[in-house]
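Comments concern the structure below.
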Amino acid sequence: MSAASNGYAPGARKFLGRHLRKLSTTLPMHYVPFSPQSGQTPRTPYFKSSSGKLRRVRAFARQRPRLTAFLVLVTCLFLYVTMFMHHNPVSNRLRAVSGGSKFVIILAANVGGGVMTWKGPAEWAIERDSIANKKAYAERWGYHLEIKDMSTKKRYAHEWRESWEKVDVIKQTMRQYPKAEWFWWLDLNTLIMEPSKSLQDHIFNHLANVTYRDINEYNPLNITHPPDPSEFFFIDPTAQSAIGDGHPDSINLVIPQDCGGFNLGSFFIKRSEWSERLLDIWWDPVGYEQKHMEWEHKEQDALEYLYTHQPWVRTGTAFIPQRMINSFPPGACSETPNDERIFYNEKERDFVVNMAGCEWGRDCWGEMASYRQLSEKLNKGWWRRQF
Amino acid sequence: MHSALPGRTNPLFHQTSIPRGYRFLRKPLYIIVTVIVVIWMLSRLITGDNRPSDAPSTVMVMVLNRTAASSEMISKIISNRNEYAHEHGYAVFMKDVSDYPIGPVPDGWASLPAIRHAMTEYPHSDYFWYLDQNAIIMNPALSLKDHITNPTRLSELMRRDVPVVPPDSVIKTYKHVPAERINFILTQDHEGLQPGSMIIRNSEWAKYLLDAWYDPIYRFYNFQKAEVHALEHIVQWHPTILTKLALIPQKIMNSYPAPPPSSKDHAYQDGEFLVRLHRCEKKGRSCEKEFNKYWLQRKVAAHAGEQGYVASAH
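Chains as they are written, first to last, in this note's numbering: chain A, 59 to 445; chain B, 3 to 316.
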């Protein structure tokens with residue numbers, strides 16, 4: 059009977075069958091010293107090398123098997139801790155290679171500086187602290203950090219686009235990091251309070267659970283969602299659904315909301331065709347001409363407008379509870395001073411604090427310094443800094 | 003010293019000692035591979051695109067304004083579209099201007115929600131062809147696919163590196179966009195883009211285009227030519243739109259009646275696909291008259307007399 063007729067291809071049988079058998083027979087665990095075969099014909103050694111040192115190690119392992127197992131275990135544990143838990147240049151690099159380099163932090167520095175105003179010592183100090191904070195965080199987790207100069211310059215032929223650079227900066231950064239996936243925009247007046255949380259653990263490993271697609275969950279702007287059927291009865295079912303297609307893969311924009319609506323002080327945008335379209339349509343001269351008086355918060359208001367009037371925008375947008383990435387200090391959002399969803403909570407160790415609006419009558423430097431000290435206090439100790 | 007298990011060469015465990023029925027246990031890899039292949043095939047079956055086999059490849063979208071024309075003309079228009087659709091197995095998606103809450107703006111805006119609506123009703127169809135009311139398909143033998151949308155054909159037709167708005171817009175169509183990537187096909191006359199006859203491919207991008215174009219910011223801006231100027235605006239300012247757009251020669255799907263208002267090179271000639279009575283409502287012209295003139299000249303579809311086609315009006 060030929061090998062092929064019993065249902066197996068001869069080649070496959072030869073390869074798989076023999077290969078498996080060979081693998082198992084040569085495993086060194088079943089070494090039986092007084093087996094008659096091994097006494098007569100020496101086995102092929104697993105490792106060819108038989109230098110003196112190695113032989114001594116093997117002899118030791120044979121004599122003290124328990125001690126050896128213990129030592130091997132301790133070594134493995136040590137290696138694991140230093141490479142994956144402890145923070146050192148090697149482990150940071152490892153983190154970057156294994157996914158960290160997919161994230162880019164865009165830090166907007168020098169807002170409105172340049173020709174308009176001179177920076178005073180407080181502004182310099184804020185900038186120094188904020189940059190150091192993000193730099194340490196990015197280094198620790200292997201993320202990229204891109205500090206963008208937002209100073210007012212005559213950058214455009216049509217001057218009226220001034221201070222709308224957010225969109226251009228994101229587009230430019232996306233071109234700069236063609237392999238990165240998520241881009242995290244951070245205003246200068248922010249502080250990462252818990253550097254021991256990675257973005258992956260904190261958000262992106264369970265994106266669907268930490269975000270919400272249905273704006274009705276928290277809707278300070280009272281946007282009709284899903285789009286009003288009397289006006290938009292003709293759009294596709296995904297756009298008509300309150301949660302889009304409900305799949306985390308279709309989330310391209312993750313934004314927090316504060317008491318006044320969308321907040322772009324700290325948000326995420328993913329590289330995708332959807333985002334390319336949004337970044338392209340976000341600034342439009344006709345919209346600008348008609349609305350720039352009304353759109354006090356520029357990009358933020360424009361995005362709220364797009365979200366409200368163009369159903370395709372909703373299918374790619376998800377919201378994240380504000381305190382996940384953008385907690386406010388007590389001074390901000392003075393109209394709702396008791397809302398627990400908005401303000402920094404020390405006990406729950408909120409991730410990021412954003413001194414939003416501190417430049418209008420609050421003390422930016424004072425707030426920044428006190429939160430930095432708090433973060434240091436919360437994360438103090440030799441041990442904490444290592445991990 | 004004895005080991006707990008006898009060695010592999012022990013005759014007790016020789017392969018003949020395993021009953022035949024359990025022989026597969028000795029070949030676990032085959033089982034694993036088979037199981038994986040079966041699971042993969044099943045998952046493919048489950049997550050297929052569920053496209054029904056009878057989904058029409060193309061949907062013709064029309065938005066009627068019944069007050070602008072006599073009922074006789076309207077019924078001729080409808081039968082003209084249905085004849086063509088029946089000839090090639092397309093669907094007809096027919097709506098009235100008043101079906102869409104466009105607000106106090108020109109009727110032309112209703113075409114955008116209508117196309118979006120058609121995409122909702124026919125999610126598995128590829129192409130959506132919007133054609134104005136005041137147009138007659140003159141040569142129904144031409145199928146949209148062979149005549150326009152087939153990539154090789156489209157690649158020949160595409161006008162590359164020409165100003166989007168003639169004669170001298172600085173924004174020009176791209177030189178090197180392959181026809182496969184085109185989602186939006188339309189023509190241009192001597193004044194600008196002409197969305198009175200346009201083909202949009204069903205895609206996420208199409209929803210983006212239609213939503214952005216229909217945005218109230220443009221709708222209520224009082225562009226001189228309403229949706230036409232709004233389109234010219236977004237095409238010129240937003241590269242994500244321009245990159246999916248193909249301009250094709252006007253006479254492929256947008257011939258004007260002869261004698262034309264200004265130039266002669268886009269006047270309808272015998273055998274061409276269609277004639278669109280552009281601006282026939284202007285003073286000194288009569289839509290009805292021009293329509294009836296071309297109605298007599300048109301070729302009749304080969305299968306027009308057959309029974310069994312139904313005007314699918316939702």
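Glycine included, each C-beta is placed from N, C-alpha and C at the ideal position.
Note on geometry: alpha-carbon atoms of Trp-215 of chain B and Asn-168 of chain A lie some 36 Å from one another.
The three-state reading of DSSP puts Tyr-296 of chain B in helix, counting H, G and I together. For His-202 of chain A, the enclosing beta strand (DSSP E) starts and ends at 202 to 207. Of the candidates B:Tyr-124, B:Ile-41 and B:Ile-80, the residue whose Cα lies closest to the Cα of Ala-57 of chain B is B:Tyr-124.
Going by DSSP, Val-237 of chain B is part of the alpha helix (DSSP H) stretching over 228 to 239. Between Met-121 of chain B and chain A, the shortest Cβ-Cβ separation is below 8 Å.
Across the structure, Glu-289 of chain A and Val-411 of chain A are spaced so that their CA atoms are roughly 39 Å apart. When 7 Å is used as the limit between beta carbons, Ile-293 of chain A is near these residues of chain B: Arg-118 and Thr-122, in chain order. The Cβ-Cβ distance between Met-140 of chain B and Lys-301 of chain B falls below 8 Å. For Ala-303 of chain B, same chain residues with a beta-carbon under 8 Å away, outside a window of 5 residues either side, are Glu-85, Tyr-86, His-88, Glu-89, Pro-142 and Ala-143 in chain order.
When the Cα atoms are used, Val-39 of chain B and Glu-223 of chain A turn out to be separated by approximately 51 Å. At a cut-off of 8 Å between C-beta atoms, Ile-339 of chain A counts as an interface residue with respect to chain B. Against chain A, the CB of Tyr-176 of chain B has no partner CB under 8 Å away; the residue lies outside that interface.
Remark: C-beta atoms of Thr-366 of chain A and Ser-308 of chain A do not approach each other more closely than 8 Å. Contact check for Asn-136 of chain B against Leu-233 of chain B fails: the beta carbons are separated by 8 Å or more.
Of all residues in the region 340 to 369 of chain A, the ones placed with a Cβ closer than 7 Å to any Cβ belonging to chain B are Asp-342, Pro-343, Val-344, Gly-345, Gln-348, His-367, Gln-368 and Pro-369, in chain order. Counting of Cβ neighbours within 10 angstroms places Ser-256 of chain A among the buried residues, the total reaching 16 or more. Under a criterion of Cβ atoms nearer than 9 Å, the residues of chain A adjacent to Pro-125 of chain B are, in order, Asp-294 and Pro-295. Note on Glu-283 of chain B: under 16 other CB atoms within 10 angstroms of its CB, so exposed under the neighbour-count rule. Per DSSP, the unbroken beta strand (DSSP E) holding Ala-137 of chain B starts and ends at 137 to 139.
Within the region 153 to 197 of chain A, the complete beta strand (DSSP E) segments of 3 residues or longer fall at 161 to 167, listed in chain order.
Within the region 261 to 290 of chain A, contact with chain B at the beta-carbon level (separation under 9 Å) is assigned to Ser-288, Glu-289 and Phe-290. Chain-order list of chain B residues neighbouring Glu-334 of chain A: Thr-242, by C-beta distance under 7 Å. Per DSSP, Gln-190 of chain B is one residue of the beta strand (DSSP E) stretching across 186 to 190. Contact between Ile-250 of chain A and Glu-204 of chain A is ruled out by a C-beta separation of about 15 Å, above the 8 Å threshold.
Annotation for Leu-66 of chain B: the continuous beta strand (DSSP E) segment containing it runs 60 to 66. With the criterion set as a beta carbon lying under 9 Å from some beta carbon of chain A, the members of the region 228 to 240 of chain B are Ala-232, His-235, Ile-236, Trp-239 and His-240, in sequence order. Beta-bridge annotation (DSSP): Pro-165 of chain B is paired with B:Lys-174. Listed by position along chain A, the residues whose Cβ is nearer than 9 Å to that of Ile-219 of chain B are Asp-342, Val-344, Gly-345, Gln-348, Lys-349, Tyr-363 and His-367. Nearest to Thr-248 of chain A by alpha-carbon distance, out of A:Trp-440, A:Phe-445, A:Leu-436 and A:Gly-415, is A:Gly-415. Gln-252 of chain B sits close to Asp-191 of chain B, with the two beta carbons spaced by under 8 Å.
By the neighbour-count definition (other C-beta atoms within 10 Å, threshold 16), Tyr-138 of chain A is an exposed residue. Under DSSP, the beta-bridge partners assigned to Trp-131 of chain B are B:Met-62 and B:Ile-201. Residues of chain A whose Cβ lies closer than 7 Å to the Cβ of Ala-214 of chain B are, in chain order, Ile-339 and Gln-368. Closest by C-alpha distance to Glu-292 of chain B, out of B:Ala-71, B:Val-63, B:Ser-100 and B:Ser-145, is B:Ala-71. By the neighbour-count criterion, in which a residue is buried when 16 or more other Cβ atoms sit within 10 angstroms of its Cβ, Asp-286 of chain A is exposed.
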